[in-house]
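Position in the sequence shown (first residue = 1) + 1 = the numbering used here. All residues carry an ideal CB built from backbone N, CA and C; glycine is no exception. These figures come from a predicted structure and were not determined experimentally. Here's the structure we're looking at; comments come further down.
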Amino acid sequence: MAVDHHKNRGSIIQVFFIIIILVIIGQLLNLQVLNKNFRNRAEAAGSSKQLEYPSRGLIFDRNGQLLVVNKPIYDLMFIYNQFEDYKTTFDTTKLCQLLGVTKDYFIAALDKNWRDPRYSKAKMEPFLTRISQEQYATLQESLYQFPGFFIQERNARAYPHHSSAHLLGYIGEVSPSVLEDSTDIYNRGDYMGITGLEKEYEYYLRGTKGIRRVEKDIYGRIIGSVKDGELDVSPQAGDDLFSTIDLNLQTYGEELMKNKIGSIVAIEPATGEILAMISTPTYDPTLLAIGTGRGKHYAELLNDSLQPFFNRSIQAQYPPGSLFKPIVALIAMQNGTLVPDRGIGCQGAYYLNGMRLTGCHNHPYCKDVATAIQHSCNAYFVTAFREVIDRFPKENTPREGLTDFNNYLENFGMGQQLGLDFPGEQGGNVPSSAFFDKVYANETGWKSIWLRSLGIGQGELLTTNLQLANLAAAIANHGHFITPHLTRALRDSEGNPITSPLSLQRRETGIDAKHFPPVIDGMEMVVQAGTARIAYIPDIPICGKTGTAENSQRGGKDHSIFFAFAPKENPKIAIAVYIENGGWGGSYAAPIVSLMIEKYLRGEITPNRQWLEDRMKTADLIGRQP
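Rendered as structure tokens:
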């Protein structure tokens, strides 16, 4: 009976083992044959994270025309840890042939200082950036042969139009200093805005990167997403920027300024929105698009003696010349040293004690403020300026007078940055009493007569062309202006508005509205029967002022200046044109302003003025063809 008992127990154990074996075989069959998901995972050599780059926000003009769009570019990346195990079998020759690079380049690209914290064998590193679409297509077919290497798609910029280069700016690779401060935002080889609106609104335009976690087989081929994409983070597209610029006006202005050195700035007075901001010489923005040839083009532009990268609208600081005279009249009327109907004689110059000090051109007698502005009389405005400066008791003169005068200039936005939403704005220069204390430190004091050139916009006084256009806007508004700006709105990829970072202010000049009519009448007379008759348009009342600023550079020819607004009632545009070495204000600046005004208000130039348009477009003040 004991033997039978042992036999039964042995049979039970055998059956038990058979059942276990069958269960194991069933599980293996299920896992390896029936369950494809497990089979794929079994074949995976590992997983990795891949960055997915967002679409950069688009830039539009005020009418919805696209100024900047995106185009795909491709970078070949590598992860050294995934490559290292295949060094001996890696087909270096084939990869180099597909990419058109040498083996020396291959070795150098992988030879990183892996002890440097900027690099990591476990993270993506760029091998070759900006490969062509042809290379991308060819490489895609063979990428499985190169373990550790993969293609990453990004977006670069493209330009539907060939204008607005200074305004838009360009993107480029992030600098080492940016990487140190923004490692959570940027990686080596990333692009960011370098200049222009691209730089100013980088935070909004760049978007947010996404992350895709992928599984790869032993050949480095992607075989799926980790946990079916549950851990992935989708990229978030950048916000779109709707600028204040009128593309048609901007492009037209660039045509008029061809072969000229200078700037055009046009502003909508009621809002402070900039309609056009042009600096010449300029360049085609496509030259600095990410791609082949960019480095060569950049070097050529950088070394050009005419400095096409220099933004003359906001960086050049010029004497305002006679454009300053309306401001002198307004300040003098505000403090009571000048009344609108006061006449001041001129015998071809400003005289003091019989000595001829400041010359003036021949013109009729200036019987009031309006005719003084019409004829741009130097003697009139030197007199008005000196009376403003010297109006305080003698023990305080002229320091207190100049300080008070400069306070009004500050109210007009002179001698300071206006707060433009754009990088690189300069503030100009308004010389202070302290400045003249130092200049005349060896004297017992200084006198207003020594500063008389300031009264006609010369001397140490410097402005930007943006400030001149803003002055025209402040006069058009009878005493106030809105912070000039280039952005109307920001919207996310779904069209929802984004809170703007702009801080727009209505700034008062401190001049009572009642003092503006005689100045505005005089500016209208400048165009009707004064120094800017060439700018006259019968059915568009233009109020403007010419200026001719002395200059000692590039042969010493004077600068041609004009600012204006139109129409006289309910102005729609205020504009300033500054042309270096252009001569009289009425020679080039005034006709260009009138053409810009007509183009904006009417949409086209009337046939009887097309001769003027042709003359401005073909005028070459540089002496060389681009």
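**Prompt:** At a cut of 8 Å, does the region 526-536 reach the region 302-317 through at least three beta carbon pairs?
**Reply:** no
**Message:** Considering only DSSP beta bridges, list what H481 is partnered with.
**Reply:** Looking at the DSSP output, H481 sits in a beta bridge with E509.
**Request:** Just grab the DSSP bridge partners of R492 for me.
**Result:** D241, P498
**Asked** When DSSP labels each residue in this structure, what does F311 get in the three-state scheme?
**Response** Note: F311 maps to coil in three-state DSSP.
**Request:** Tell whether a beta-carbon distance below 9 Å holds between I332 and G523.
**Result:** no
**Message:** So if DSSP puts L77 in a beta bridge, which residue, or which two residues, is it bridged to?
**Reply:** L129, I152
**Asked** Any idea what DSSP makes of L59, helix, strand or coil?
**Response** coil
**Item:** Euclidean distance between Cα positions of Y441 and G548
**Value:** 29 Å
**Asked** Taking Cβ positions, are I580 and A590 nearer each other than 9 Å?
**Response** I580 is a Cβ neighbour of A590, given a cutoff of 9 Å.
**Message:** Does the region 145-153 come into contact with the region 75-94, if we say contact requires no fewer than three beta-carbon pairs (one atom in each stretch) closer than 8 Å?
**Reply:** Cβ pair count under 8 Å is three or more, so yes.
**Item:** Simplified DSSP state of R189, which is helix, strand or coil
**Value:** R189 falls in the coil class under three-state DSSP.
**Prompt:** Is I541 closer than 9 Å to A550 when the C-beta atoms are compared?
**Reply:** no
**Message:** For Y187 and L68, what's the separation of their Cα atoms in angstroms?
**Reply:** 25 Å
**Request:** With distances taken Cα to Cα, identify the nearest neighbour of P327 among V70, K558, L455, S178.
**Result:** L455
**Request:** Inspect the CB distances between the region 208-216 and the region 233-247 and report whether three or more fall short of 8 Å.
**Result:** yes
**Asked** Since L629 contacts I246 with CB under 8 Å, what's their CB separation in whole angstroms?
**Response** Past the boundaries of the shown model lies residue 629; the chain is included only from 2 to 627, so the question cannot be answered.
**Prompt:** Comparing alpha-carbon positions, which option in K569, A514, S494 lies nearest E525?
**Reply:** K569
**Message:** Considering only DSSP beta bridges, list what E269 is partnered with.
**Reply:** E274
**Request:** Rounded to whole angstroms, what's the CA-CA distance from V528 to H376? Just pull it up for me.
**Result:** 11 Å
**Asked** At what residues does the alpha helix (DSSP H) containing V528 begin and finish?
**Response** 517-530
**Request:** Would you decide whether T372 is buried or exposed? Buried here means 16 or more other CB atoms lie within 10 Å of its CB.
**Result:** buried
**Prompt:** Do E269 and K573 have their C-beta atoms within less than 9 Å of each other?
**Reply:** Contact: yes.
**Residues that Q51 bridges to, as DSSP identifies them** = Looking at the DSSP assignment, Q51 forms a beta bridge with R213.
**Sufficient close CB pairs (3 or more, under 8 Å) joining the region 95-106 to the region 164-172** = no
**Prompt:** By the 10 Å Cβ neighbour count, where 16 or more other Cβ atoms means buried, how is G273 classified, buried or exposed?
**Reply:** buried
**Prompt:** Quick one: what's got a C-beta closer than 7 Å to L35's C-beta in the same chain, skipping five residues either side?
**Reply:** Caution applies to L35, whose pLDDT of 49 falls short of 50 and renders its modelled position unreliable; the model cannot decide the point.
**Request:** Could you pull out every unbroken alpha helix (DSSP H) segment of at least 4 residues lying fully inside the region 305-375, listed in chain order?
**Result:** 326-336
**Asked** Under the three-state reduction of DSSP, which class applies to L622: helix, strand or coil?
**Response** coil
**Asked** Which residue from E85, R492, P282, L403 puts its Cα closest to that of A435?
**Response** L403
**Asked** Using CA coordinates, which residue listed in V215, K368, I60 is at the minimum distance from L339?
**Response** K368
**Test item: CB-CB of L250 and Y601 under 9 Å** = yes
**Request:** Let me know if G58 comes out buried or exposed under the rule of 16 or more other beta-carbons within 10 Å of its beta-carbon.
**Result:** buried
**Neighbourhood of R295 by C-beta distance below 8 Å, restricted to the same chain and skipping five residues each side** = L288, L289
**Closest residue to S433 among N408, T445, G425, E203 (Cα-Cα distance)** = N408
**Item:** Endpoints, the alpha helix (DSSP H) within which E203 is located
**Value:** Residue range 203-206 is occupied by the alpha helix (DSSP H) that includes E203.
**Item:** N-terminal and C-terminal residue of the alpha helix (DSSP H) that V389 is part of
**Value:** 379-390
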